[in-house]
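Residue numbers for the sequence shown follow the UniProt record's numbering, so the first one is 1 and each next one is one higher. Single-structure report; data block below.
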Amino acid sequence: MFWNLTILKQYLVVTLKWYCGIEELKDFKVLYNTSLVQHFREALLKPLFQLNSIDDYQKLDYCLVFNLLRNFCTLHVKPPGKGWDYEPAGDDVSLGADIERIRLFWNKYCDEKKNDMHSCDMILKRMKNRFGDISGNDEGVNSDEWKMRKEKITSVEFKPDCQVEDSIVLTKGIKDVVERLEKENLVIVKGVIGSGKSTCLDYIDKYYKRKQWEVKRKDEVITRADFYVSENQKILLCCDNLFGAYNRGHFAGTLDIIESLENHDKKGDGELKVVLAIHDHVFDELEECQNAKILRNKSVIVDLNKMAAAENLLIFKEQRNRGHCARDQQCWFCKVDFEHLQTALSVNMRLIGDPLLTLIYCNHHDIFTKKEDTRHIMKTLCSLFIDMLTKTPDLFHVLVYVMCVKTHDLNSDVPSWAAVLRGLSSEMVQQNIRHLDSFLDCHVGGRTIRMKHDLFNIALFKVCSGYPDYLTFLMSHCHFEMIEEMLRPTSATRSEFCVLLNEESFKLLVSRLKADKLSVRMNDHPLMSNLKLEKKVTKLLPSKSFRKK
Numbered sequence: 001m002f003w004n005l006t007i008l009k010q011y012l013v014v015t016l017k018w019y020c021g022i023e024e025l026k027d028f029k030v031l032y033n034t035s036l037v038q039h040f041r042e043a044l045l046k047p048l049f050q051l052n053s054i055d056d057y058q059k060l061d062y063c064l065v066f067n068l069l070r071n072f073c074t075l076h077v078k079p080p081g082k083g084w085d086y087e088p089a090g091d092d093v094s095l096g097a098d099i100e101r102i103r104l105f106w107n108k109y110c111d112e113k114k115n116d117m118h119s120c121d122m123i124l125k126r127m128k129n130r131f132g133d134i135s136g137n138d139e140g141v142n143s144d145e146w147k148m149r150k151e152k153i154t155s156v157e158f159k160p161d162c163q164v165e166d167s168i169v170l171t172k173g174i175k176d177v178v179e180r181l182e183k184e185n186l187v188i189v190k191g192v193i194g195s196g197k198s199t200c201l202d203y204i205d206k207y208y209k210r211k212q213w214e215v216k217r218k219d220e221v222i223t224r225a226d227f228y229v230s231e232n233q234k235i236l237l238c239c240d241n242l243f244g245a246y247n248r249g250h251f252a253g254t255l256d257i258i259e260s261l262e263n264h265d266k267k268g269d270g271e272l273k274v275v276l277a278i279h280d281h282v283f284d285e286l287e288e289c290q291n292a293k294i295l296r297n298k299s300v301i302v303d304l305n306k307m308a309a310a311e312n313l314l315i316f317k318e319q320r321n322r323g324h325c326a327r328d329q330q331c332w333f334c335k336v337d338f339e340h341l342q343t344a345l346s347v348n349m350r351l352i353g354d355p356l357l358t359l360i361y362c363n364h365h366d367i368f369t370k371k372e373d374t375r376h377i378m379k380t381l382c383s384l385f386i387d388m389l390t391k392t393p394d395l396f397h398v399l400v401y402v403m404c405v406k407t408h409d410l411n412s413d414v415p416s417w418a419a420v421l422r423g424l425s426s427e428m429v430q431q432n433i434r435h436l437d438s439f440l441d442c443h444v445g446g447r448t449i450r451m452k453h454d455l456f457n458i459a460l461f462k463v464c465s466g467y468p469d470y471l472t473f474l475m476s477h478c479h480f481e482m483i484e485e486m487l488r489p490t491s492a493t494r495s496e497f498c499v500l501l502n503e504e505s506f507k508l509l510v511s512r513l514k515a516d517k518l519s520v521r522m523n524d525h526p527l528m529s530n531l532k533l534e535k536k537v538t539k540l541l542p543s544k545s546f547r548k549k
């Protein structure tokens, strides 16, 4: 009986080899790390954590192997009809049922209880039919195994450290926001650019819609009117990129926004919850120059910068499924394992978040291969755009145009002013966007295009600002919010996310302010610290309309 049971236990290892590759097993141990550590001794886990080849499966403890089959191989090893941990029905001859029987038979043997030899033989026969006869090869019985202590095989249901819901990875940060909203009416979500703040807002949006709340979405600015809620209304107010999507902006309206936040109690008789997302560098600048109590209230702030390994793994897998590899399944990047990804992420200087960095990897594989490219990601992206300008200017011009207008409807004509970009037309946009899917996203049924991430816009703006002709084009046609947020005086502290505008270029800005009557928007802008520009802008304003600091 012992020998048959030992062969059956060895079939557990064979089944694991058959249905779970090394890379899959490595991913599973990251995703279920907490459960593994909770239920198994360090000595049992060591061979799993040091797994390098298929031969190493033989070193795994049988109890661990059974639970890996139960929890990880769910596509091929289905639970018995009665579920795990129960004696399977006599007519249930599925693989999952036989694996459960092997566990139960072995445990009876450990208790020195009698087993049904006929049933044991039938299981052995079915396993041979599935995987072949292993009794005569190296995967058969270890002759010294009878000397070993008889330990039962326990059955455990593992819980993943992180899950995906509605195509969104539920990070601890997102869960913290949900929990905080149960106690607070206002929550501020902060983090570096690309840390997942917008994704967090998208999840909170869906979460509250399922609870039958009305959701209002805002971008960059909120006013007191946004806090009004009529009787019987339940409103969730979400504002992304508060004070600026690129850098701090809305200088003329900053005090109004802060006053709205400081007095955020709802007006009206309904219910109101507010979630605001803000970049770290915008948050830090506001703390330095504005006395905003709400920004110092740690009880309402959730930081998204810290990412667990399981969270990074799931985000990476979701992004890779939608990135370049989705179109080229033979791509070498399909085989990149999580250990190599973690090595690449380890040199991230925290200028941007890991989720954004892995998004870039999934669409621009070359960046993944060089540590310096990750370490200096803004310089890397700028170099990429400069190379595009040199080799494929038509593609470069499509991106410059999309950056300037934020979104482009493929059913609409390109404005006539875009023709300055080497005759850019609607037809040229249509023809070239298929070569730009690593930079552009399609929305609204695939008819509206915009940049995948604001970081691409920042890098592209920085590149264009280095060429007089392109800087002139930006000053004339780029949406003003970006100009306001990107430009800083040469006296400012140098930042990866801004462009320092020299005095020779002031006339370009003044021309735009004059043409679109935007001078009031420059009130309190850092550029106004330059007396020459202040004088030029003041002349454009009606008397007493300009308020100095």
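Here a beta-carbon is modelled for each residue, glycine too, at the ideal position from N, C-alpha and C. Given the structure is predicted, the values throughout are model-derived calculations rather than measurements.
(Q) Measuring CB atoms only, is the region 187-194 touching the region 274-289, in the sense that at least three cross pairs come out at less than 8 Å? (A) yes
Q. Considering only C-alpha positions, which residue in the set Y57, I123 and F439 is nearest to E23?
A. Y57
Q) Alpha carbon to alpha carbon, what distance is there between G132 and K114? A) 27 Å
Q. Does DSSP put P79 in a helix, a strand or coil?
A. coil
Q: Counting only runs of 4+ residues fully inside the UniProt domain "Novel STAND NTPase 3" (169-317), write out the alpha helix (DSSP H) ranges in chain order.
A: 172-183, 197-210, 254-262 and 280-289
Q. Applying the criterion that 16 or more other CB atoms from any shown protein chain within 10 Å of the CB defines a buried residue, is M522 buried or exposed?
A. buried
Q. Should L173 and L304 be called a contact, given that it needs their Cβ atoms to be closer than 7 Å?
A. A small fix is needed here, since residue 173 is Gly in this sequence, not Leu. Cβ atoms of G173 and L304: closer than 7 Å.
Q | Ranges of the alpha helix (DSSP H) found wholly within the region 86-134, counting only runs of at least 4 | A | 95-110 and 117-131
Q. Apart from the five residues on each side of it in sequence, which residues of its chain come closer than 6 Å, Cβ to Cβ, to L170?
A. Q163
Q: Give a yes or no on whether the C-beta atoms belonging to L51 and L45 are separated by under 7 Å.
A: no
Q.
Taking DSSP's pairing of strands, which residues face I449 in a bridge?
A. H408 and C442
Q. So the beta strand (DSSP E) L500 belongs to, where does it begin and stop?
A. V499 to L501
Q. Any idea what DSSP makes of V30, helix, strand or coil?
A. helix
**Q.** Rounded separation between S102 and I134 - CA only
**A.** One detail in the question is off: residue 102 reads as Ile in this sequence, not Ser. For I102 and I134, the distance between alpha carbons rounds to 16 Å.
Q) Quick one: complete alpha helix (DSSP H) runs, 4+ long, within the region 380-407? A) 393-405
Q | Spatial distance of E179 from V300 (CA atoms) | A | 11 Å
Q) Would you call A89 buried or exposed, if buried means 16 or more other Cβ atoms sit within 10 Å of its Cβ? A) exposed
(Q) Considering only their Cβ atoms, is the gap separating V13 from V93 smaller than 7 Å? (A) no
Q: Could you round the C-beta distance between V414 and V402 to whole angstroms and report it? I think they count as a contact, below 8 Å.
A: Rounded, the Cβ-Cβ distance is 10 Å, inconsistent with contact.
Q | CA nearest to the CA of E311, picked from Y208, L341, L513 and E484 | A | L341
Q: Return yes when the Cβ of N348 is within less than 7 Å of the Cβ of L357, no when it is not.
A: yes
Q | Short Cβ contact (7 Å threshold) for R422 with M475 | A | no
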